[in-house]
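Asker: Protein chains in written order, with the working numbering: chain A, 1 to 307; chain B, 1 to 307.
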DNA sequence: GCCGCGCCGAAAATATCTTTCAGGGTGTGA
DNA sequence: TCACACCCTGAAAGATATTTTCGGCGCGGC
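Shown next as C-alpha cells:
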C-alpha cells in the first residue's frame, strides 16, 4: 500500500497484493484465449510461476512473452516483473497461512454438512476477495457523493434488486433520501428527475443488465453522480459510471448460481457505503439510527430470557 | 539459464523462505562493512527493499550493485533477483500477519480502508460461526419438508424481509411454489390457507418480531411444517417452530446495526436450504435453473469483449 | 616504509523484460 | 459467398536490470 508512486491520476489501480486470485477471476471473462491461459497458470500455481521468467511462463503456457506481459498489465501491474513479485508474495501467504481448503465444487450427492461447509467457505472467500479488490479511492468518492446528495436512486433487478433495497433501507435509517427501483420504466422516469448533486447507483453482477444500465445512463446524462457496483469492471454499465466498485466473482456452477456468491460481495460493498456515509454524517446519523431502533421496540415481544 | 533446475546434489541450503531476518543476524558478523549495510536495510524494511532494483538498493545503502549481489549470495540466494522474490514473500507474510489486529470496533474516524477490512472480517466471522453452529439435522429436516411442500410461505420484515425474498426468488427458480410476505396482515391471512405438507418459514434475528411470529403461529396451528431462522434459539418464535435454524450473532454497535451482521448469517442459512432442496429435487431443479437463466439472456447487453 | 591481502565499486557482458510490427484468424456486412 | 476490418498473436528489435570482470585502494603485517 505504501507503494512509492504517489502518482495518482484518475485510476492508478494499486497493484493487488494478495487479491490476485480474485482479480484473475474478475477479469478472466474479458481476456483473450491466450491471456486466459496465462492467468489460469498464474492463479493455479503462484509459487511455481513466481520461479519462472517471462520466457519460461510463455513457454509453459504455450504463448509468447508479449502475451505474458499483456496479461500482467491487465491485472494491474506495470509489467511482468511486478506481477512476479506479487506472485511470490501470494505464494508465501498461501504457504504460511490458511489451508487451500475445499476446492471442490458442490456435488448433487454431497451430505448436507458438506454443503454448509462449502457454501460458508465460498462466501468467506468472496468477502475476502471483494475486500481486497475494492478500490478505496473510488469507494471514498462514492461515499462523499452519497453523504452530500439531495436524493439517491438505486437500481437493481433480480437478486441485485434485493441488494439495492438493502442499501436503500440503510440510507433511509440515517436520514438520507433514497429509493430503490426494480421496475425499469419507473427507474428511467425517475432518473430524469435527477440533477447534479444527486446520486444514482446501479447494482448488477454481470454489468450487462439493460434494465439497470438504462436508468444509470439517463442519470449520468442529467448530471447526477453515478456509481456502478459490478463484478465486471469493463462491462457496459461502467460507461456511465463516475465511480466503479468491483465485487469479486467466485466460482459458480449448476448448483451454485452466480446470484448466490455475487450477492455476498455486493452486500459487503453496500455495507461499506453505508458505514462510510454514517461516519461522514455522524452527528445526524447517530440520533437517526437510535430513533429508528426505538420506533421498532414495541413491535417486539419480550424474550423468554436474556437481555 | 540456471532458473530451471535447482541443480543439485550438494546444495548447501535452500533459499530461506521467511527465516530471513534470522539469517541476517546469524551471518552479519561474517560480513564486510558494506554488506552489513545492505543486510541491515533488507532486514529492516523487506517490503521497501522488494520494490527496489539492484541499483536502487545499492544507492540506498551507499554501496554498489556488486555488493548487493554479493550479499544476496551470502544469504543463500543465487542472485539478487531471488532475494528480491523472497523479500516480497516476506513482506506479504508480515502484512497478512498484521491483519487479525482488527478486532476493535469501527470508529467514527476510521479511514475507509479500515472500514472495509473490519466489515469483511466481521462478516467472515459471522459466516464461520453460523456454519459451525448450524444444526445439520434440523437443516436436513427443513430441506426435506421444503422439497416435498405443496407451497411455501416465508415471513420476514425489515432487513429480514429481504432475506425472505431472496429465499423465495431461489425457490421459485427451481420450480417450487414459494411466496415472501412482509405485510403482516396478508401474511396471516395467507397462513390460514396452509395445511399439513405445506411449509412456513419465519426469519427474524431477534426472534421477537410479532409481525413474523404471528403468521408462523397461525401456520403452525393449521398443521404446516414450520421453520424458524433466528439468532436466538430460545426466543418466542421457536415456540411455533418445528425446526429451528440458528444464525450467529456478531458484535454490533452504533455504526454497525444488528441488521448488518445478522443478515449475513441468515443468507448463508437460506443458501444452504436452497442448495439442499436443489439437490433433493435435482432432476426437476436443474432444467428449471437452466430455463430461468436462458429466459434472461436477451435482457443482457453484449459485453465489450468475450471469450 | 614496503608488501601483500582482500574489500570495493565502475564498467563491460549477459540475461531479462518491454515494445514494436507484421502475419493470420474471426466475425461481419454486403 | 466473398471481401473487409478488426484484433489477437508471436517474432524480433529495443530498453532495463542483473551479473561478472577487473583494477584501485585502504589496511595491517613485516
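All C-beta atoms, glycine included, are put in the ideal place defined by N, C-alpha and C.
Computed from a predicted structure; not experimentally measured.
So which residues of chain B does residue 26/A contact, with C-beta pairs closer than 9 Å?
Answerer: Here the premise fails: no neighbours, minimum Cβ distance about 13 Å.
Asker: Are residue 245/A and residue 138/A closer than 7 Å when you measure CB to CB?
Answerer: Yes, these two residues count as a Cβ contact at 7 Å.
Asker: Going by DSSP, what residue range makes up the alpha helix (DSSP H) through residue 129/A?
Answerer: First-last of the alpha helix (DSSP H) with residue 129/A: 112 to 133.
Asker: Using 10 angstroms around the beta-carbon of residue 330/B, count the other beta-carbons present and answer buried if the total reaches 16, otherwise exposed.
Answerer: No answer is possible for residue 330/B: the residues shown for chain B start at 1 and end at 307.
Asker: I need the straight-line Cα distance from residue 153/B to residue 279/B, nearest angstrom please.
Answerer: C-alpha separation (whole angstroms): 20 Å.
Asker: In chain A, which residues lie with their C-beta within 7 Å of the C-beta of residue 106/B?
Answerer: Result: 275.
Asker: Just checking: is the beta-carbon of residue 271/B within a distance shorter than 7 Å of some beta-carbon in chain A?
Answerer: Chain A contact via Cβ: present.
Asker: Listing by chain order, which chain B residues have their CB less than 7 Å from the CB of residue 299/A?
Answerer: Neighbours of residue 299/A on chain B, chain order: 209, 210 and 211.
Asker: For the 8 Å Cβ check, are there 3 or more pairs between the segment 127 to 141 of chain B and the segment 281 to 295 of chain A?
Answerer: Short answer: they don't touch.
Asker: Quick one: does residue 99/A have its CB under 7 Å from some CB of chain B?
Answerer: Low local confidence applies: a pLDDT of 44 at residue 99/A is under 50, so the model's placement there is unreliable, and no value is given.
Asker: So what does DSSP say about residue 282/B, is it helix, strand or coil?
Answerer: Residue state, collapsed to three classes: helix.
Asker: Give the DSSP-derived three-state secondary structure of residue 51/B in the structure shown.
Answerer: Looking at residue 51/B - three-state DSSP - the assignment turns out to be coil, as it is neither helix nor strand.
Asker: Spatial neighbours of residue 58/A within its chain, please: CB distance less than 6 Å, with the 5 preceding and 5 following residues excluded, ordered by chain position.
Answerer: Counting only Cβ-Cβ distances below 6 Å, and skipping sequence neighbours, we find 64, 65 and 68.
Asker: Please state if the CB of residue 180/B and the CB of residue 164/B are separated by a distance shorter than 7 Å.
Answerer: Cβ atoms of residue 164/B and residue 180/B: closer than 7 Å.
Asker: For a cutoff of 7 Å on Cβ pairs, would you count residue 112/B as touching chain A?
Answerer: Interface residue, yes.
Asker: Compare the beta carbon distance of residue 218/A and residue 188/A with 7 Å and say whether it is the shorter of the two.
Answerer: A contact, by the Cβ cut-off of 7 Å.
Asker: Measuring only the C-alpha atoms, how far is residue 84/A from residue 265/B?
Answerer: Those two C-alpha atoms are separated by around 37 Å.
Asker: Might you give, ordered along the chain, the residues of its own chain that have their beta carbon closer than 6 Å to the beta carbon of residue 308/A, omitting 5 neighbours on each side?
Answerer: Because chain A in this structure spans residues 1 to 307, residue 308/A falls outside the shown range and cannot be described.
Asker: Whose C-beta lies closer than 6 Å to the C-beta of residue 249/A among residues of the same chain, with five residues either side of it excluded?
Answerer: Excluding sequence neighbours, residue 249/A sits near 25, 26 and 231.
Asker: How is residue 157/A classed by DSSP in three states: helix, strand or coil?
Answerer: Residue 157/A falls in the coil class under three-state DSSP.
Asker: Closer than 8 Å is the cut-off here; do at least three beta carbon pairs connect the segment 114 to 121 of chain A with the segment 108 to 115 of chain B?
Answerer: They do not touch, by the three-pair rule.
Asker: So is residue 199/B in contact with chain A if we call contact Cβ pairs under 7 Å?
Answerer: Not one chain A Cβ lies under 7 Å of residue 199/B.
Asker: So within the segment 195 to 263 of chain A, which uninterrupted alpha helix (DSSP H) runs reach at least 4 residues, ignoring any that extend past its ends?
Answerer: Correct list: 210 to 221.
Asker: Check whether the Cβ atoms of residue 160/B and residue 204/B sit closer than 7 Å, and answer yes or no.
Answerer: For residue 160/B and residue 204/B, yes; Cβs fall inside 7 Å.
Asker: Among 40/B, 270/B, 79/B and 158/B, whose alpha-carbon lies nearest the alpha-carbon of residue 261/A?
Answerer: Selected option, being the one with the closest Cα: 270/B.
Asker: Can you pull the chain B residues whose beta carbon is under 8 Å from the beta carbon of residue 124/A, in chain order?
Answerer: 124, 127 and 128, listed in chain order.
Asker: If you compare alpha carbons, which of 208/B, 176/B, 158/B and 207/B is closest to residue 172/A?
Answerer: That would be 158/B, whose Cα lies nearest to the Cα of residue 172/A.
Asker: If I follow the unbroken alpha helix (DSSP H) through residue 41/A, where does it start and stop?
Answerer: Taken as a continuous stretch (DSSP letters only), the alpha helix (DSSP H) holding residue 41/A covers 33 to 44.
Asker: Candidates 186/B, 299/B, 79/B and 281/B: which alpha carbon is nearest residue 145/B's?
Answerer: Residue 145/B has its Cα closest to that of 281/B, out of 186/B, 299/B, 79/B and 281/B.
Asker: Just to confirm before moving on: does the CB-CB distance between residue 92/A and residue 46/A stay below 7 Å?
Answerer: Not a contact, by the Cβ cut-off of 7 Å.
Asker: Let me know the secondary structure DSSP gives residue 178/A once reduced to three states.
Answerer: Reduced to three states, the DSSP call for residue 178/A is strand.
Asker: Excluding the 5 residues preceding and the 5 following residue 43/B in the sequence, name in chain order all residues of the same chain whose CB lies nearer than 6 Å to its CB.
Answerer: Contacts found: 21 and 24.
Asker: Is residue 63/B helix, strand or coil when you go by DSSP?
Answerer: Residue 63/B falls in the coil class under three-state DSSP.
Asker: Give me the DSSP bridge partner(s) of residue 298/B.
Answerer: In the DSSP output, where bridge partners are listed per residue, residue 298/B has none listed.
Asker: Can the beta-carbon of residue 207/A be found closer than 7 Å to that of residue 235/A?
Answerer: Yes.
Asker: Excluding the five sequence neighbours on either side, which residues of its own chain have a C-beta within less than 7 Å of the C-beta of residue 80/A, listed in chain order?
Answerer: Within the same chain, residue 80/A has close Cβ partners 54, 68, 69 and 72.
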